[in-house]
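Input: a single structure, listed below in structure tokens.
Number of protein chains: 2
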Amino acid sequence: MKTRVITIGRQFGSGGREIGLRLAEALSVEFYDKQLVTLAAERSGVIPEVFENVDEKAASPWLYAAVDVNGITTYIPTSSNDRLFELQSNLIKEVAAKGDCVIVGRCADYILRNEDIELYNLFVCAPMEIRIARKQAQEKLDENDAKALIKKTDKDRRAYYNYYTNKEWNSPESYDITVNSSRLGITETAILLSKIFAK
Amino acid sequence: MKTRVITIGRQFGSGGREIGLRLAEALSVEFYDKQLVTLAAERSGVIPEVFENVDEKAASPWLYAAVDVNGITTYIPTSSNDRLFELQSNLIKEVAAKGDCVIVGRCADYILRNEDIELYNLFVCAPMEIRIARKQAQEKLDENDAKALIKKTDKDRRAYYNYYTNKEWNSPESYDITVNSSRLGITETAILLSKIFAK
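In order, the protein sequence lines correspond to chains A and B.
First residue of the first sequence: 86, per this note's numbering; consecutive thereafter.
First residue of the second sequence: 86, per this note's numbering; consecutive thereafter.
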């Protein structure tokens, strides 16, 4: 039987990660998020900080980037983005073939497009003011700093997605279902989605 | 008990109307679409052609518009848009209070935003090439004419929505759930949505 994989793209601060986690719990399936970076680092022998620095970012036009590794500024080749993308792609295909799961971010929708699996691609969004309030509460930031962080992270995610896929990030035509988490809230949105995917 | 109303916005050619119709059938609730224009005309004594001409269009900057009524060019006041919007708003509030239903288009999401009902706002989209193929088959048009018709109708709907609401048409933040009908097709998308709303 084919595995069923649900991928979740998300605007920063929309609660997409939490919704994915709760959906995975409700469906009793595996959940993959940032640990795909750690796994990629383990497999390649690259120190995790190098990959964490380039995770979900498009390749840079520069040859080297300055990264803080245990307080020491270290220069890493910017081709790390492409290397991480390749490693993560292989990992994502492996976990998708292994069993039903939810995968957050990392262009999983695109990476899995030709795999022999049952694939559903979701995207979670929310109005800017809701996301600002959420990030302010989570990160103890003032409004301007929260807004700047959201804009910067969204910009990185968009550049990363549009660079590695032939699709447009945040455009509902790129996904099967886009949910606005602000109306029902995180918990109720996860419940609503789990109704669709309950077997 | 509060009534539950599902509104459906849609890109032209995405199959949003059919999905709404099937969803209403699956849930055994009323379905409202173009008959809101006929009802508005009946109630006001205005001939239906006048309202059909301005349905889902923003108010024009001109005072009069030329309309074909039974082959005779007739000049109608362009304030008909606002008059139709007002009549439709009242009708939409009435039908929403009367019983569970699905309402397609006509800014119903915005009109009902403060009503004491259980409101869900959906939007249906699909990639342009899929919509072109659909309209070509439905209307026996060549590719260029189908594309022109889609662009024109989407433009009208966007202008109408953005004019009468304070929201942005086709933006997933304006709705609760946006579905891309191209992946699962009309029937399966309607089934998927009916799972969410099954009582």
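All C-beta atoms in this analysis are idealised placements derived from N, C-alpha and C, irrespective of residue type, glycine included.
For residue i, which beta-bridge partners are listed by DSSP?
| i | result |
| --- | --- |
| A/D153 | A/T158 |
| B/Y245 | Its beta-bridge partners do not exist; DSSP assigns none. |
| B/F170 | None, per the DSSP bridge assignment. |
| B/Y205 | B/I91 |
| B/N251 | Partner(s): none; B/N251 has no beta bridge. |
| B/Y117 | B/I188 |
| A/N265 | A/C210 |
Can you tell me whether residue i is buried or exposed, with buried defined as 16 or more other CB within 10 angstroms of its CB?
| i | result |
| --- | --- |
| B/I157 | exposed |
| B/T274 | buried |
| A/A283 | exposed |
| A/S113 | exposed |
| B/N229 | exposed |
| A/A125 | buried |
| B/D239 | buried |
| B/G100 | buried |
| A/A77 | Given a span of 86 to 284 for chain A in the structure shown, any question on residue 77 of chain A remains unanswerable. |
| B/D227 | exposed |
| B/D185 | buried |
Please state if the CB of residue j and the CB of residue i are separated by a distance shorter than 7 angstroms.
| i | j | result |
| --- | --- | --- |
| A/D261 | A/K142 | no |
| B/D90 | B/A181 | It is worth fixing the name first, because residue 90 of chain B is Val in this sequence and not Asp. Closer than 7 angstroms, so yes. |
| B/F208 | B/T263 | yes |
| A/C192 | A/T250 | yes |
| B/L106 | B/L278 | no |
| B/I132 | A/K280 | no |
| A/I202 | A/K87 | yes |
| B/N265 | A/E258 | yes |
| B/V187 | B/R102 | no |
| B/V135 | B/N166 | no |
| A/N206 | A/T92 | yes |
Report task. Taking 8 angstroms as the threshold, find out whether the stretch 87-103 of chain A comes into contact with the stretch 212-225 of chain A through three or more Cβ pairs. Result -> Under the Cβ criterion (8 angstroms, minimum of three pairs), the stretch 87-103 of chain A counts as touching the stretch 212-225 of chain A.
Requested in this report: Could you say if the stretch 116-133 of chain A and the stretch 217-230 of chain A meet the contact criterion of at least three C-beta pairs nearer than 8 angstroms?
Outcome: Because the criterion of three Cβ pairs below 8 angstroms is not met, the stretch 116-133 of chain A and the stretch 217-230 of chain A do not touch.
Requested in this report: With 9 angstroms as the limit, tell me which residues of the stretch 247-267 of chain B have their beta carbon closer than that to any beta carbon of chain A; keep them in chain order.
Outcome: N255, S256, P257, E258, S259, Y260, D261, I262, T263, V264, N265 and S267
Query raised in the report: Does the stretch 170-184 of chain A come close enough to the stretch 193-204 of chain A that 3 or more CB-CB pairs lie under 8 angstroms?
Result: yes
Query raised in the report: Got a sec: which bits of the stretch 177-197 of chain A sit with their beta carbon under 7 angstroms from any beta carbon on chain B, in order along the chain?
Result: none
Report task. Residues of the stretch 102-131 of chain B with a CB closer than 7 angstroms to any CB of chain A: list them in chain order, please. Result -> none
Query raised in the report: Which residues, in order along the stretch 226-249 of chain B, keep a beta-carbon less than 7 angstroms from a beta-carbon of chain A?
Result: none
Report task. Give, in chain order, every residue of the stretch 213-227 of chain A whose Cβ lies closer than 7 angstroms to some Cβ of chain B. Result -> none
Report task. Output, in sequence order along the chain, the residues in the stretch 271-283 of chain B whose CB is closer than 7 angstroms to any CB in chain A. Result -> Along the stretch 271-283 of chain B, going in chain order, the ones with a CB nearer than 7 angstroms to a CB of chain A are L277, K280 and I281.
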